[in-house]
Structures are given as C-alpha cells and as structure tokens.
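A short write-up of the structure that comes next.
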Amino acid sequence: MSNVIRVFKFGGASVKNAEGVKNVASIVEKFKDSRLVIVVSAMGKTTDALEKVAAAHAAKTGEAKQLLDGVKAAHYQIMDELFDQGDPVYDAVNDLFVAAEWVLDEEPHPNYDFMYDQLIPTGELVSSTIVAAYFNKMGLKTQWVDARDVIATDDIYREAWVQWDETKANVANKVRPLLEKDSMVLTQGFIGSTKENYTTTLGREGSDYTAAILSFCLDAEDMTIWKDVPGVLTADPRVFDNVTKLDRLSYREAIEMTYYGAKVIHPKTIKPLQNKSIPLYVKSFINPENDGTFIGPDVEDHYPPMVAIERNQALLNISTRDFSFVAEHHMRYLFNQIAEHRLQVNLMQNTAISFAICVNHIDDRIFRFAKSIEKDFKVIMDYEGLELITVRHYTPQVIEMLRNGKIIMVEERTKNTIQMVAKEVPLMKRKPVAEMA
Ligand code: ADP
Ligand code: ASP
Ligand code: MG
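Sequential numbering from 844 applies to the sequence shown in our numbering.
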C-alpha cells in the first residue's frame, strides 16, 4: 500500500439506494492501494425528510414519530438489499434511530437550532454505518469513525465554526493512526461536536467541507467529490440546457461561483484546500473513469461564461429617516447590526441617503435586523420570488438571455462578473413575442 492519503466524499445522490452503495464500493475498490479517508452524507433526500421530523416535533403536530418511521423504513429497505437478516448492522442502525426517538420523547427544546443538531445528524450516522458495514462485507477493510470525535466546533448550532487547533490534534491522534493500519477510514460529513459533546452541524450541504477539513489536517495528496454530474458545469443542468463541463478551474473561480450559489460544491470547501495547494477533483460516480473537473491554483485561462443562481433572496433598502447621508458612522453601525443578525450579504449598493443590500433570506433574521435599526432607518424589504444571478466572464448574449422574462431590481458589474437581483415578470405583463420583434 502506498503512503498517499486521498480523501473521497460521496454525497447523498451517490448512496440514495442499495445500487448506489454497491457502486460506491466498486469505485473505492479501484483505489484501495491508497490510504483512503471516505466522507459520506445522508442517503438521498434523508436530510430533507429529517428536517420535516424536526419541524413537526417543534410544532408538536403529533406526526414527528410517524415521519421518522418513514425515514427508518427507507433505510431498512436498503439494508435488506445489502445484508442478510441478522447482520449486526441492523442493531447498530436501530440504536441510532432509538437515539433519535429519545429526542422526540422529550419536550421540544426551546432552542430549535440545538434540537435540530441533535436530530438531523441521524442521517449521516446511519448512512455511514450502512456503507462501512457493506464495505467490510465486501472485503474492503474499513474503520468507522465518529466525526464528532474529530471535528471540533463552537456552539453556533446549524452553522457551527470549526475549532481548528482541536480538530488538527484530533485528526493527528484519532485518524492518522488508523490510516497507518491497513484499512480505510470512513466517517460522516456535515457533523461535529462542541467542547461539551453536543452534536453540531456545519450548514446544509456541509459534507464537502468536512472532506476539505480532513484533507487539510492530513495533508492529503488530493480530494475527490463524486457527483451525479460529469464535473463542474458552466451552469446547473437542472436549470439550463447547453451547459458544458469545465476541465480545469482555479480555486478562485470555484470559490466565486460556489459562494454565489453554484450548488455543486459547498463554498467553504475551497479555502482549506487552497491553503495547502491540495487539488480538488469533481468526478462522476456514474462514469468514474472519466476525467471530471480539476480545481487547483490559478493558471492563465480563458473561461466560458459561468452562471450561478441563488434563490431565496431578500432585497433591503435602508435609508436614513432624517435625510442625513449614509456616511461612515452610519455604515459602521449598520455593518455591526448586519453581523449581529448574521445576515449573509451577497451584494450592496449605496447612494447619498440610502443603502441597499441583497441577502440570503433565512428564517426571520431580516425582520429582526429591520426592527433593530428602525429608530434611525427606514427599511423597505422585498423577498417575494427574488433570485441573485451571478455570471462570471459574461457576454452580452448571455446577459440578454438571462434577463429575458425578468425584472432586474439591482445590477452590479465588474470586469469579470455581473450580478443581478431579478424577479420573474408576472405572466400577464410580458409582451407577446410578436411585439418584441
Ligand atoms: P450531493 O449528492 O453531493 O449532495 P448535490 O445534489 O448537492 O450532490 O449536487 C449535485 C448537483 O448540483 C447536480 O446534480 C447539479 O444539478 C447541481 N449543480 C448546480 N450547479 C452546478 C454546476 N455549476 N455544475 C454542476 N452541477 C451543478
Ligand atoms: N446531508 C446534509 C445535507 O443534505 C449534508 C450534505 O449532504 O452535505 O445538507
Ligand atoms: Mg448535496
């Protein structure tokens, strides 16, 4: 076995059913000469389903247990296709669901985000238990590691920040020694734990980030994310036709596109890899022998136009009540409040007496923010059907195509990037095609 450490991340789509788990094992088999660390997500749409369980529990609708039973049944069906009855994996998985039921047996915790983080990780824990058991059954020697013993975080539930020093020490003490043995390490993406041993999550789609954290701490040779697409494409194929695969992408391009909504990689993934020049490959689990996309240091390159769309946007127009300029002292105050309320700002624009920001519309934070500044500022909010369209390396034709049927509320251009906050034109207001000619 070589000393090369490689980190693989398999997302929900790759392990959505028994066929998927078998396919993942067949991919891993081809790389078994490397020291592999494998990060897996919850199976298929399990996280969405568990979010419904958490919401039902919090709202006391009485349906939480039944919804959890549905999640359980889906996993048992997958296990029935992979294992003989009586295999110890059934007990292990059952224990994980019992722990989830305990959360539901209690009164809903007043801190929703805390309760969420005690329940939702069940998806990753169960998935990794099934996949590790299947690998071992197929003769791929695998050690299951609880990511909560490795990824140390603060206690900002649902958006936890990694505590790097502790995490590095944990990787050195608990993961590296396992790799020295002749086996693979398999763990969960997306989850970590606080100093007090409470489970945390790193934000939706955070499994990519887990893989990058481990790659960084292990000085991995490379990291590969296995996807249901051939690699990073010029836009989301679910939204656009005529997309093409990018063979090579710089860390810079990747971070810009993913930050503004290219859902193919979690935006936090790039930094740890860039900091240690670890290459990232995005490859297809359907055609694993194909090249995919290589993401690495900057090179002189000519990029085609690349489009990212971020939905659920809110546009906040903030103006002073007394007609004074939005000057430095106002800015300092507003930025403090923005940070305080954890608004994620995607775009900003200011005039003499107003300041506009486009932010991700998450829970009720924009309302809390507006309330906090209402004494000095008037805030006009728009959050119905707004999306942020970002195009890198734009051309007039691409902009024209994207504007079609949309009202552009705010636009900002630099040499390489255009960003537009857009809203669908209500159907009745669109001009008939003949009139546009
Ligand atoms: P995972 O199984 O790892 O969770 P996701 O479903 O989260 O995978 O991400 C893969 C999906 O991302 C693809 O199926 C594709 O529809 C979408 N996607 C969005 N933007 C892009 C892009 N620029 N390139 C490739 N895929 C993209
Ligand atoms: N299962 C989690 C989610 O769906 C994390 C991940 O898949 O990356 O958000
Ligand atoms: Mg995903």
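From the three backbone atoms N, C-alpha and C, an ideal C-beta is built for every residue, glycine too.
Per the coordinates, the alpha-carbon of Gly905 lies some 24 angstroms from the alpha-carbon of Val969. Pairing Val871 with Gly863, the inter-Cα distance amounts to about 12 angstroms. By the CB criterion at 8 angstroms, Val883 and Ser971 fall inside the cutoff.
Looking at the DSSP output, Ala1199 bridges to Asn1160, Gln1192. Cβ contact annotation for Asn1040 (same chain, cutoff 8 angstroms, sequence separation greater than five): Arg991, in chain order. One thing to note: Gln1180 has its Cβ within 8 angstroms of the Cβ of Phe1212. The beta carbon of Phe1168 sits closer than 8 angstroms to those of Ala1195, Ile1196, all from its chain and outside the five residues before and after it, given in chain order. Note that the C-beta distance between Ile1261 and Tyr1237 is below 8 angstroms. Close CB contacts of Phe1220 within its chain, under the 7 angstroms cut and outside five residues either way in sequence, are with Ile1161, Ser1162, Thr1163, Arg1164 (chain order).
Tyr1124 is positioned such that its CB atom lies closer than 8 angstroms to that of Thr1136. In this structure, Gly1049 has its CB closer than 7 angstroms to one or more heavy atoms of the ligand ASP. Below 8 angstroms, too few C-beta pairs join the region 1079 to 1093 and the region 1030 to 1047 to call them touching: fewer than three.
In this structure, Ala1003 sits away from Gly966, with a CB-CB distance that is not shorter than 8 angstroms. Around the beta carbon of Val867, a 10 Å sphere encloses 16 or more other beta carbons of the protein chains shown; the residue is thus reported as buried. Burial of Met958 is indicated by the presence of at least 16 other C-beta atoms within 10 angstroms of its C-beta.
Judged by their CB atoms, Glu1217 and Gly1248 are not nearer to each other than the 8 angstroms cut-off.
As DSSP reads the structure, Tyr1124 sits in a beta bridge with Thr1067, Phe1137. In this structure, Thr996 sits away from Cys1060, with a CB-CB distance that is not shorter than 8 angstroms. Taking 8 angstroms as the cut-off, the Cβ atoms of Ala1157 and His1204 count as close. Taking a cut-off of 8 angstroms on C-beta distances, the region 1049 to 1056 touches the region 848 to 860, as three or more cross pairs fall below it.
For the pair Val1072 and Val1107, the CB atoms are nearer than the 8 angstroms cut-off. The C-beta of His1145 has fewer than 16 other C-beta atoms within 10 Å across all chains shown, which makes the residue exposed.
The C-alpha of Ala899 lies about 12 angstroms from the C-alpha of Val946. Short of 6 angstroms from the beta carbon of Ala975, and not among the five residues preceding or following it, lie these beta carbons of its own chain, in chain order: Thr985, Trp987, Leu1029. For Asp876, the closest alpha carbon among the candidates Val1241, Asn846, Ala897 is that of Asn846. Spatial neighbours of Leu893 in its own chain (CB-CB distance under 7 angstroms, excluding positions within 5 residues in sequence) are listed in chain order as Val914, Leu962, Ile963, Thr965, Gly966.
Setting aside the 5 residues that flank it on each side, Thr1101 is surrounded in the same chain by Val1107, Ile1108, His1109, Pro1110, Thr1112, Ile1113, Ala1151, each with a C-beta closer than 8 angstroms to its C-beta; the list follows chain order. In the structure shown, the three-state DSSP call for Ile1098 is helix.
Taking Ala897 as the centre and dropping the five residues before and after it, the same chain places the C-beta of Tyr959, Leu962 closer than 6 angstroms to its C-beta, in chain order. Distances from the CA of Phe926 to each of Gln909, Phe978, Val1014 were compared; the closest alpha carbon is that of Phe978. Annotation for Trp1069: Phe851, Lys852, Phe853, Gly854, Ser857, Val867, Ile870, Lys1126, Ser1127, Phe1128, Pro1131 place their beta carbon closer than 8 angstroms to its own, counting only its chain and skipping 5 residues before and after. No residue range can be given for Gly982, since it is assigned to no beta strand (DSSP E) and is classified by DSSP as neither H nor E. Ser1093 is positioned such that its CB atom lies closer than 8 angstroms to that of Asp1141.
Rounded to the nearest whole angstrom, the CA to CA distance from Val1241 to Ile881 is 39 angstroms.
Between the alpha carbons of Asn1013 and Gly1139 lies a distance of about 27 angstroms.
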